[in-house]
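Quick note on my numbering: the sequence shown kicks off at 6 and runs consecutively.
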Amino acid sequence: MSCKDVYPLISESRDHSLPFLSRMRLKMHLAICGLCEIYQKQLETLCRIARSLGKDESKALEKTSLKPEIKEKIQKWIEEKK
(Lines of atoms letter the chains of each structure in order from A; the text may use other names.)
(Lines give C-alpha, C1' and ligand atoms only; values in the text may rest on other atoms or scores of the structure.)
Protein backbone atom coordinates (compact mmCIF):
# COMPACT_ATOMS: atom_id res chain seq x y z
CA MET A 6 0.00 0.00 0.00
CA SER A 7 1.47 3.35 -1.02
CA CYS A 8 1.37 6.60 0.92
CA LYS A 9 -0.95 7.95 -1.77
CA ASP A 10 -3.40 5.16 -0.91
CA VAL A 11 -3.03 5.72 2.83
CA TYR A 12 -3.82 9.46 2.99
CA PRO A 13 -7.54 9.02 2.18
CA LEU A 14 -7.79 6.13 4.63
CA ILE A 15 -6.36 8.29 7.40
CA SER A 16 -8.99 10.94 6.68
CA GLU A 17 -11.79 8.39 6.37
CA SER A 18 -10.81 6.80 9.67
CA ARG A 19 -11.50 10.15 11.36
CA ASP A 20 -15.10 10.11 10.10
CA HIS A 21 -16.11 6.47 10.49
CA SER A 22 -14.83 3.00 11.23
CA LEU A 23 -12.93 1.43 8.35
CA PRO A 24 -13.55 -2.11 7.16
CA PHE A 25 -11.30 -4.64 8.91
CA LEU A 26 -8.94 -5.19 5.96
CA SER A 27 -8.49 -1.46 5.32
CA ARG A 28 -7.90 -0.85 9.02
CA MET A 29 -5.21 -3.56 9.14
CA ARG A 30 -3.51 -2.25 5.99
CA LEU A 31 -3.50 1.24 7.45
CA LYS A 32 -2.01 0.05 10.75
CA MET A 33 0.68 -1.95 8.95
CA HIS A 34 1.61 0.99 6.74
CA LEU A 35 1.74 3.40 9.68
CA ALA A 36 4.03 0.97 11.52
CA ILE A 37 6.65 1.24 8.77
CA CYS A 38 6.10 4.74 7.35
CA GLY A 39 7.14 7.63 9.57
CA LEU A 40 5.86 10.27 7.17
CA CYS A 41 2.33 8.90 7.15
CA GLU A 42 2.44 8.57 10.93
CA ILE A 43 3.39 12.26 11.14
CA TYR A 44 0.56 13.12 8.74
CA GLN A 45 -1.90 11.21 10.93
CA LYS A 46 -0.72 13.02 14.07
CA GLN A 47 -0.92 16.41 12.33
CA LEU A 48 -4.45 15.65 11.18
CA GLU A 49 -5.42 14.61 14.72
CA THR A 50 -3.98 17.87 16.06
CA LEU A 51 -5.84 19.96 13.48
CA CYS A 52 -9.09 18.14 14.25
CA ARG A 53 -8.62 18.69 17.98
CA ILE A 54 -7.97 22.40 17.42
CA ALA A 55 -10.97 22.72 15.09
CA ARG A 56 -13.27 21.00 17.61
CA SER A 57 -12.25 23.33 20.37
CA LEU A 58 -12.50 26.52 18.31
CA GLY A 59 -15.35 28.57 19.55
CA LYS A 60 -14.76 27.36 23.08
CA ASP A 61 -11.47 28.92 24.04
CA GLU A 62 -8.91 29.04 21.26
CA SER A 63 -5.93 29.86 23.45
CA LYS A 64 -6.54 26.85 25.71
CA ALA A 65 -6.87 24.61 22.65
CA LEU A 66 -3.47 25.73 21.41
CA GLU A 67 -1.86 25.24 24.81
CA LYS A 68 -2.83 21.56 24.78
CA THR A 69 -1.11 20.84 21.46
CA SER A 70 2.45 19.73 20.88
CA LEU A 71 2.97 22.27 18.11
CA LYS A 72 6.15 24.30 18.02
CA PRO A 73 5.81 27.67 19.79
CA GLU A 74 6.29 29.65 16.56
CA ILE A 75 3.46 27.71 14.90
CA LYS A 76 1.21 28.30 17.92
CA GLU A 77 1.96 32.03 17.68
CA LYS A 78 1.04 32.12 13.98
CA ILE A 79 -2.24 30.30 14.63
CA GLN A 80 -3.06 32.57 17.58
CA LYS A 81 -2.32 35.65 15.47
CA TRP A 82 -4.58 34.33 12.68
CA ILE A 83 -7.38 33.65 15.19
CA GLU A 84 -7.12 37.17 16.60
CA GLU A 85 -7.20 38.68 13.10
CA LYS A 86 -10.41 36.76 12.32
CA LYS A 87 -12.25 38.06 15.41
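Just so you know, even glycine gets a beta-carbon here, dropped at the ideal spot from N, CA and C. Since we're looking at a predicted model, the values are computed, not measured.
Which residue's Cα is closest to the Cα of residue i: the options?
{"i": "ARG53", "options": "GLU67, LEU31, LEU40", "result": "GLU67"}
{"i": "SER27", "options": "SER57, ILE83, ALA36, MET6", "result": "MET6"}
{"i": "LYS9", "options": "LEU23, LEU31, HIS21, SER22", "result": "LEU31"}
{"i": "LEU35", "options": "ARG56, SER57, VAL11", "result": "VAL11"}
{"i": "ALA55", "options": "CYS38, PRO24, PHE25, ILE83", "result": "ILE83"}
Which of helix, strand or coil does DSSP assign to residue i?
{"i": "HIS34", "result": "helix"}
{"i": "MET29", "result": "helix"}
{"i": "PRO73", "result": "helix"}
{"i": "LYS68", "result": "coil"}
What first and last residue would you give for the alpha helix (DSSP H) that runs through residue i?
{"i": "LYS9", "result": "8 to 20"}
{"i": "LEU51", "result": "39 to 57"}
Touch check for the segment 6 to 24 and the segment 40 to 53: three-plus C-beta pairs under 8 Å? yes
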